[in-house]
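A.B. asks: Numbering (this note's numbering), first residue to last: -16 to 361. Ideal placement from N, C-alpha and C gives every residue a C-beta, glycine not left out.
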């Protein structure tokens, strides 16, 4: 998450995708062995921007060697957070630093509207037909600006030894016995939505958190201020939250799912649930910079990323998947994965992302109110 990207985004956006410490601009080649020279793209290089941390590790271990073997191309990974779009904007128009990028909605939506990405030729990405339709039901895909998919799901995390009853509803976090005992993510894109879920729950309006954010934003902000004293820890990274739970510093809270799956496997005292009502995902997508000279290779890479084999390997490392058959396989393989992610047609049909459009339209108001009166009592 880049602190220096101030031209378009305020610095308090730096934690939006948080949970992993910024590793800043690291350049990583895919593997140590010599790249196979035979293949349709022999002698070519593909520069790919990836998220630092777990995503980069999975890309390097799973995607890069397979794609290099299949195509003969050399893959170079550039890891980071917010600086990806900033570097794309400041690069010469005919020489983008990347041929393929992963983006989230907060930076990706404005970048699309500024014309920074090429339109995809979906004929070169036949694996897009494998993806379950609800995950693609958005304007990014319809305009062929990128291929979207669900990433981290908002997860209710808790220490089993500190709760009398398993919390399975978001409003459980504001019960009197948990006052000053919960941890919430410091970035509002997740925790404001958590508060909206709490509000919907105590008002017996489960399933309306998106409507509350979209139509009654001021009420949700007031509700957040009212219950901010229940929060003991505003966690900046996933590791901070996991350690606080494991050390019994806090009892429960919200959490990113990919990192937490690993923690669940390693620490028997940790528990998790994902209330089906108002389940929300981070939306990310793969996009190709408009002036990339390697568009065909990049489209081939996207196609491989959404193959069944690749999706299964990513899921086994904690990611969600948009392919129903892969999700069904994971539900049989991994009880922790099954608890967190959609794996049936019914669950996929209700899949929702965070209310990004409302966030974008009201970013300044939300961020100022959040920082001034919710993160800090004011």
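Give the list of continuous alpha helix (DSSP H) stretches no shorter than 4 residues that lie fully inside the stretch 62 to 149.
C.D. replies: Whole alpha helix (DSSP H) segments, 4+ residues: 66 to 73, 88 to 96 and 122 to 125.
A.B. asks: Let's test the definition: count the other Cβ atoms within 10 Å of the Cβ of residue 79 and tell me whether it reaches 16, buried, or not, exposed.
C.D. replies: So residue 79 counts as buried.
A.B. asks: Comparing C-alpha positions only, which one of 56, 23 and 157 sits nearest to residue 31?
C.D. replies: With distances taken between Cα atoms, residue 31 lies closest to 56.
A.B. asks: Looking only at DSSP bridge pairs, what is residue 50 linked to?
C.D. replies: BP columns for residue 50 are empty, so no partner.
A.B. asks: Short of 6 Å in beta carbon distance, which residues of its chain neighbour residue 362, apart from the five on each side in sequence? Order them along the chain.
C.D. replies: Limits of the chain in this structure are -16 at one end and 361 at the other, which puts residue 362 out of reach.
A.B. asks: Excluding the 5 residues preceding and the 5 following residue 124 in the sequence, name in chain order all residues of the same chain whose CB lies nearer than 6 Å to its CB.
C.D. replies: 131, listed in sequence order.
A.B. asks: Could I get the ranges of all uninterrupted alpha helix (DSSP H) runs contained in the stretch 247 to 335, with 4 residues as the minimum, in chain order?
C.D. replies: Counting whole runs of 4 or more residues, the stretch 247 to 335 contains the alpha helix (DSSP H) stretches 278 to 288, 291 to 299, 307 to 316, 318 to 323 and 328 to 332.
A.B. asks: Going by DSSP in three states, residue 60 sits in which element: helix, strand or coil?
C.D. replies: Of the three classes helix, strand and coil, the one that applies to residue 60 here is strand, per DSSP.
A.B. asks: Whole-angstrom Cβ separation of residue 229 and residue 253, contact assumed at under 8 Å?
C.D. replies: Indeed they touch by this definition, with Cβ atoms about 7 Å apart.
A.B. asks: Take residue 162 and list the residues in its own chain whose beta-carbon comes closer than 7 Å to its own, dropping the five residues that flank it on each side.
C.D. replies: Excluding positions up to five away in sequence, the list reads 212 and 213.
A.B. asks: Is the separation between the beta-carbon of residue 115 and that of residue 307 shorter than 9 Å?
C.D. replies: Taking 9 Å as the Cβ cut-off, residue 115 and residue 307 qualify as a contacting pair.
A.B. asks: First and last residue of the alpha helix (DSSP H) that includes residue 172?
C.D. replies: That run of the alpha helix (DSSP H) goes 171 to 185.
A.B. asks: Give the DSSP-derived three-state secondary structure of residue 337 in the structure shown.
C.D. replies: Here residue 337 sits in coil by DSSP.
A.B. asks: Can you tell me where the beta strand (DSSP E) holding residue 238 begins and where it ends?
C.D. replies: First-last of the beta strand (DSSP E) with residue 238: 235 to 238.
A.B. asks: Taking only the alpha-carbon atoms, compute the straight-line gap between residue 53 and residue 234 and give it to the nearest angstrom.
C.D. replies: Cα to Cα, residue 53 sits roughly 48 Å from residue 234.
A.B. asks: Would you mind sorting residue 360 into buried or exposed? The rule is 16 or more other CB atoms within 10 Å of its CB.
C.D. replies: Residue 360 is exposed by the Cβ-count criterion.
A.B. asks: Tell me, to the nearest whole angstrom, how far the beta carbon of residue 280 is from that of residue 29; I am working on the premise that it is less than 8 Å.
C.D. replies: At roughly 5 Å, the Cβ-Cβ gap stays under 8 Å, so residue 280 and residue 29 are in contact.
A.B. asks: What do you reckon, are the CB atoms on residue 261 and residue 335 nearer than 9 Å?
C.D. replies: Taking 9 Å as the Cβ cut-off, residue 261 and residue 335 qualify as a contacting pair.
A.B. asks: By Cβ distance, which residues of its chain are closer than 7 Å to residue 77, with the 5 residues on each side in sequence left out?
C.D. replies: Result list for residue 77: 274, in chain order.
A.B. asks: Cβ atoms of residue 199 and residue 338: under 9 Å apart, would you say?
C.D. replies: No, Cβ-Cβ distance for residue 338 and residue 199 is not below 9 Å.
A.B. asks: Tell me, to the nearest whole angstrom, how far the beta carbon of residue 204 is from that of residue 319; I am working on the premise that it is less than 8 Å.
C.D. replies: With 8 Å as the limit, residue 204 and residue 319 do not qualify as a contact, their Cβ atoms being about 34 Å apart.
A.B. asks: Using CA coordinates, which residue listed in 358, 50, 35 and 42 is at the minimum distance from residue 27?
C.D. replies: Among 358, 50, 35 and 42, the Cα nearest to that of residue 27 is on 50.
A.B. asks: DSSP three-state label for residue 44, please.
C.D. replies: Correct three-state label for residue 44: helix.
A.B. asks: Expressed to the nearest angstrom, what Euclidean distance is found between the alpha-carbon atoms of residue 119 and residue 216?
C.D. replies: Their backbone Cα atoms lie some 35 Å apart in a straight line.
A.B. asks: Roughly how many angstroms separate the alpha carbons of residue 278 and residue 240, rounded to a whole number?
C.D. replies: Taking the straight line from one Cα to the other gives about 32 Å.
A.B. asks: Taking residue 348 as part of the alpha helix (DSSP H), name the residues at either end of that continuous run.
C.D. replies: Residue 348 -> alpha helix (DSSP H) spans 346 to 352.
A.B. asks: Excluding five sequence neighbours on each side, which residues of the same chain lie with their C-beta closer than 7 Å to the C-beta of residue 357?
C.D. replies: Around residue 357: 207, 208 and 211.
A.B. asks: In angstroms, rounded to a whole number, what distance separates the CA positions of residue 25 and residue 94?
C.D. replies: Taking the straight line from one Cα to the other gives about 31 Å.
A.B. asks: Which residues bound the alpha helix (DSSP H) around residue 197?
C.D. replies: It spans 192 to 198 - the alpha helix (DSSP H) in which residue 197 sits, taken as one unbroken run.
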